[in-house]
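Adding 2 to a residue's 1-based position in the sequence shown gives its number in my numbering. Positions of the beta carbon are idealized from the N, C-alpha and C atoms, including for glycine. Treat the numbers as computed from the prediction; the structure is a model and nothing was measured.
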Amino acid sequence: MSGTAKEIPSGTTQKKRVWVITGTSSGLGRTLVHVALARGDYVVATARKLNDLSEFSGNPETASRVHTMKLDVTASFSELHVLAGKVIEKWGRVDVLVNNAGSCLLGMTEEIGAEGYQKQFDVNFFGQLNVANAFLPYMRAQREGTIVFVGSRSSWRTNVPMLGPYASSKAAITAAAEALAVEVAPFGIKVLNVLPGGLKQSRTWHEYVFLPTIPDALLPPVATLIGPGTTQVQKRSSERPSEPEPEATETGEQHIADYVEMRKRVISWAKTSSSGINGDVEKSAQAIVDVVCGDARRQHSHSSTDGEIEGANKTLSWPDLNMLILGTDAEANIRDKCNAILKSLDEWKEVVRGIALET
3 MSGTAKEIPS GTTQKKRVWV ITGTSSGLGR TLVHVALARG DYVVATARKL NDLSEFSGNP
63 ETASRVHTMK LDVTASFSEL HVLAGKVIEK WGRVDVLVNN AGSCLLGMTE EIGAEGYQKQ
123 FDVNFFGQLN VANAFLPYMR AQREGTIVFV GSRSSWRTNV PMLGPYASSK AAITAAAEAL
183 AVEVAPFGIK VLNVLPGGLK QSRTWHEYVF LPTIPDALLP PVATLIGPGT TQVQKRSSER
243 PSEPEPEATE TGEQHIADYV EMRKRVISWA KTSSSGINGD VEKSAQAIVD VVCGDARRQH
303 SHSSTDGEIE GANKTLSWPD LNMLILGTDA EANIRDKCNA ILKSLDEWKE VVRGIALET
């Protein structure tokens, strides 16, 4: 890569932005690259493996506007700082950083302990914060920029067994992003929290990571009895089946027998959850790009009292809470949580207010 930044052509009415998007090998990240390129923007697409990004540079129509780089969000901050500098060398600036890279680790809290949670937070929380902090000096120097954190509706729907590590990491990054938004606003930098629900084909069940058992051991495992109440999990030598079936028991040395039935139900849910998902990855990516670029519009309209149509194609302003919720399932989960909190406040208001100092 040259040490001199390439100049981005000007003269068009639409501003050309430079995007840095992490986790672009599949799903939402991959689709965001295509949507940004279709808009005429420039994209630095990153993933842990460069081979997963070959499709982007293979398109002659967009090859000059896309650059692929290897990036592991769990790398040290010093490494991420150096990488950010190399990104800036490419086109001289970065307008939008999308922190999309993440993982989903499933495990019972008692079984995986703090170490399991740390493993999840290293990717979904500390990794995203480190990437953001690596690029913030350049955005502050520009006095403009947008940082997008891809969270999850699971940060609002936390009462799901084995989802504790994932849901809490997403809740944590959402809270951190809200604080960051206030801190960087004086420098013209915006922060957007994206909370998507389920997106069709964005994840298959075997892409979940079950802790403390490694994923391949569940596709499917062969349990060999090695002692009272314990089993040893061995991987089948045959190829992975298209629809893997979990064993009757998933209990290993680090598993607690009391959780066996609950674990089986969660694994069964993970296998079949995609069937009820109606979120569109392309529409979600387009919505994110539209909000960032100020092109989000109200799709539905209604008639006023005099019969005229109101709200048709009305441009929406930046979300007041720096939050973009995507999907009817996400909407339902968040509304349910808000309503439950309000109900609890009403029912317990005497206790809530009863601790005030006497005046």
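By the DSSP assignment, the alpha helix (DSSP H) with Thr361 in it spans what residues? Walking along the sequence shown from the start, residue 361 turns up at place 359. Element bounds for Thr361: n/a, residue is neither H nor E.
Would you be able to state if there are at least three C-beta pairs under 8 Å between the segment 334-342 and the segment 154-169? Enough Cβ pairs lie closer than 8 Å, so yes.
Relative to the C-alpha of Phe79, which candidate in Gly25, Asn135, Ser171 and Ser66 has its C-alpha closest? Taking the sequence shown and counting its residues from 1, one reaches residue 79 at position 77. For Phe79, the nearest C-alpha among the options comes from Asn135.
Does the distance from the CB of Leu107 to the CB of Pro167 come in under 7 Å? Working through the sequence shown from its first residue, we reach residue 107 at position 105. Working through the sequence shown from its first residue, we reach residue 167 at position 165. With respect to the 7 Å criterion, Leu107 and Pro167 are classified as neighbours on the basis of their beta carbons.
Can you tell me whether Ile343 is buried or exposed? The criterion is at least 16 other CB atoms within 10 Å of its CB, across all chains shown. Reading the sequence shown from its first residue, position 341 is the one you call residue 343. By the 10 Å Cβ count, Ile343 comes out exposed.
Taking the beta strand (DSSP E) that Gly109 falls in, what are its first and last residues? Counted from its first residue, the sequence shown places residue 109 at position 107. Looking at the DSSP string, Gly109 is not in any beta strand (DSSP E), and its letter there is neither H nor E.
Taking Cβ to Cβ, would you say Ala38 is nearer than 7 Å to Val291? The count along the sequence shown starts at 1 and reaches residue 38 at position 36. The count along the sequence shown starts at 1 and reaches residue 291 at position 289. In contact: Ala38 and Val291 (Cβ atoms closer than 7 Å).
Does the structure place the segment 256-271 close enough to the segment 159-176 that three or more beta carbon pairs sit under 8 Å? yes
Within the segment 69-130, ranges of the beta strand (DSSP E) (whole runs, at least 3 residues): 98-101
DSSP bridge partner residues for Ile23 (one or two, in chain order): The sequence position of residue 23 within the sequence shown is 21, counting from 1. Paired residue(s): Ala47 and Val100.
Tell me the DSSP secondary structure of Pro321 in three-state form. For the purposes of this step, residue 321 is taken as the residue at position 319 of the sequence shown. DSSP places Pro321 in coil when its eight states are reduced to three.
Taking the Cβ atom as the reference point for each residue, do Val96 and Val20 lie within a distance shorter than 7 Å? Walking along the sequence shown from the start, residue 96 turns up at place 94. Walking along the sequence shown from the start, residue 20 turns up at place 18. Yes, the Cβ-Cβ distance between Val96 and Val20 is below 7 Å.
Using CA coordinates, which residue listed in Glu57, Ile327 and Thr24 is at the minimum distance from Gly125? On the sequence shown, position 123 is the one that residue 125 refers to. With the sequence shown as reference, residue 125 is identified as Val, and Gly is not the correct amino acid for it. Val125 has its Cα closest to that of Thr24, out of Glu57, Ile327 and Thr24.
Measuring CA to CA, which of Trp320, Tyr44 and Ala179 is closest to Trp93? The residue labelled residue 93 in the question sits at position 91 within the sequence shown. The shortest C-alpha separation from Trp93 is found at Tyr44.
Beta bridge counterpart(s) of Val196 as assigned by DSSP: What you label residue 196 is simply residue 194 of the sequence shown in a count that begins at 1. Looking at the DSSP assignment, Val196 forms a beta bridge with Val152 and Leu326.
In the DSSP assignment, what residue or residues form a beta bridge with Ile336? Taking the first residue of the sequence shown as 1, we reach residue 336 at position 334. Beta-bridge pairing links Ile336 to no other residue.
Classification of Ile357 by the beta-carbon crowding that lies within 10 angstroms, buried from 16 upward: Taking the first residue of the sequence shown as 1, we reach residue 357 at position 355. Per the 10 Å Cβ criterion, exposed.
According to DSSP, is Arg32 helix, strand or coil? Taking the first residue of the sequence shown as 1, we reach residue 32 at position 30. Helix at Arg32.
Which same chain residues, not among the five before or five after Ala174, have their C-beta less than 6 Å away from its C-beta? Indexing the sequence shown from 1 puts residue 174 at position 172. Setting aside the 5 residues that flank it on each side, Ala174 is surrounded in the same chain by Phe127, each with a C-beta closer than 6 Å to its C-beta; the list follows chain order.
Assuming Lys72 contacts Leu99 under a Cβ cut-off of 8 Å, what Cβ separation, rounded to an integer in Å, is found between them? Along the sequence shown, one-based indexing puts residue 72 at 70. Along the sequence shown, one-based indexing puts residue 99 at 97. A Cβ-Cβ separation of about 17 Å leaves Lys72 out of contact with Leu99 under the 8 Å criterion.
Over the uninterrupted alpha helix (DSSP H) stretch that includes Met264, give me the two end residues. What you label residue 264 is simply residue 262 of the sequence shown in a count that begins at 1. From DSSP, the alpha helix (DSSP H) with Met264 extends over Val262 to Thr274.
Specify the secondary structure class of Trp207 as computed by DSSP and reduced to three states. As a position in the sequence shown, residue 207 is number 205, starting the count at 1. Low per-residue confidence applies at Trp207: pLDDT is 45, beneath 50, and the placement is therefore not dependable enough to give any value.
Would you report the Cα separation of Ile258 and Glu113, rounded to the nearest angstrom? Numbered from its first residue, the sequence shown carries residue 258 at position 256. Numbered from its first residue, the sequence shown carries residue 113 at position 111. Answer to the nearest angstrom: the Cα atoms are 7 Å apart.
From Asn61, Glu117, Gln144 and Val294, pick the residue whose C-alpha is nearest to that of Gly190; which is it? The sequence position of residue 190 within the sequence shown is 188, counting from 1. That would be Gln144, whose Cα lies nearest to the Cα of Gly190.
Alpha-carbon spacing of Gly31 relative to Asn102, whole angstroms: Against the sequence shown, residue 31 aligns to sequence position 29. Against the sequence shown, residue 102 aligns to sequence position 100. Separation of Gly31 and Asn102 (C-alpha to C-alpha, rounded to the nearest whole angstrom) is 6 Å.
Less than 7 Å between C-beta atoms, sequence neighbours within five positions excluded: which residues of the same chain meet that for Thr76? Taking the sequence shown and counting its residues from 1, the one referred to as residue 76 is at position 74. So the qualifying residues of the chain are Asp124, Val125 and Gly129.
Which residue comes first and which comes last in the alpha helix (DSSP H) that contains Gln288? Within the sequence shown, the letter at position 286 stands for residue 288. Run containing Gln288: Val283 to Val294, per the alpha helix (DSSP H) assignment.
In chain order, each alpha helix (DSSP H) run of at least 4 residues that lies wholly inside the segment 138-188: Complete alpha helix (DSSP H) runs here, min 4: 166-186.
Given Lys192, which residues of its chain have a CB within under 6 Å of its CB, disregarding the five upstream and five downstream residues? On the sequence shown, residue 192 is found 190 positions in, with the first residue counted as 1. Excluding sequence neighbours, Lys192 sits near Thr148.
For Ile191, does the three-state DSSP call read helix, strand or coil? Residue mapping note: residue 191 aligns to position 189 of the sequence shown, counting from 1. Here Ile191 sits in strand by DSSP.
CA-CA distance, Glu81 and Val89? Reading the sequence shown from its first residue, position 79 is the one you call residue 81. Reading the sequence shown from its first residue, position 87 is the one you call residue 89. The straight-line gap from Cα to Cα measures roughly 13 Å.
Spell out the partners DSSP gives Arg355 in its beta bridges. Start at 1 with the first residue of the sequence shown, and residue 355 comes out as number 353. Its beta-bridge partners do not exist; DSSP assigns none.
Between Thr70 and Ala47, is the Cβ-Cβ spacing less than 7 Å? Translated into positions along the sequence shown, residue 70 becomes position 68. Translated into positions along the sequence shown, residue 47 becomes position 45. Their beta carbons are under 7 Å apart, which means Thr70 touches Ala47 by this criterion.
Assigned exposure category for Met264 - 16 Cβ within 10 Å defines buried: Here residue 264 refers to the residue found at position 262 when the sequence shown is read from its first residue. Exposed, because fewer than 16 other Cβ atoms sit within 10 Å of the Cβ of Met264.
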